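Peer 1: Input: one structure, supplied below.
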Amino acid sequence: MELTVIRSRDRRRMVVAVEAKTEDDALRAITKAIGPVTIARERMPIRRQRATLAERRARVATYF
């Protein structure tokens, strides 16, 4: 079974393959292996490469 999960520590989205009969068993096995995660319900486009710094659109610091 393949699940797309979001790791709670750094909010990283990843696809994980696990041998399990139910989604709950798979989630329990993933949590034991990599820590707390949540299941990502919607599919995100796969990013092939990282954007350069100019393309990232960093937020401007407005509070001083």
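Going by this note's numbering, the first residue of the sequence shown is number 103, and it counts up by one from there.
Using N, Cα and C, we set each Cβ at its ideal position, and we do this for glycine too.
Bear in mind that the values here come from a model prediction, so they are computed numbers and not experimental data.
1. Spatial neighbours of Met-103 within its chain, please: CB distance less than 8 Å, with the 5 preceding and 5 following residues excluded, ordered by chain position.
2. Using a Cβ-Cβ cut-off of 8 Å (strictly less than) and excluding sequence neighbours within five positions of Pro-138, which residues of its own chain qualify?
3. Taking 6 Å as the limit between beta carbons, can you name the residues of its chain near Thr-140, skipping five residues before and five after?
4. For the putative contact between Ala-142 and Arg-115, defined by C-beta atoms under 8 Å, what is the C-beta separation to the nearest angstrom?
5. Going by the DSSP bridge assignment, what does Arg-115 pair with across the sheet?
Peer 2: Based on what the coordinates show:
1. The answer, listed in chain order, is Ala-119, Val-120, Glu-121, Ala-122, Glu-125, Ala-128.
2. So the qualifying residues of the chain are Arg-109, Ser-110, Arg-111.
3. The residues are Ile-108.
4. Between Arg-115 and Ala-142 the Cβ distance is about 6 Å, and since that is below 8 Å, they are a contact.
5. Partner(s): Ile-108.
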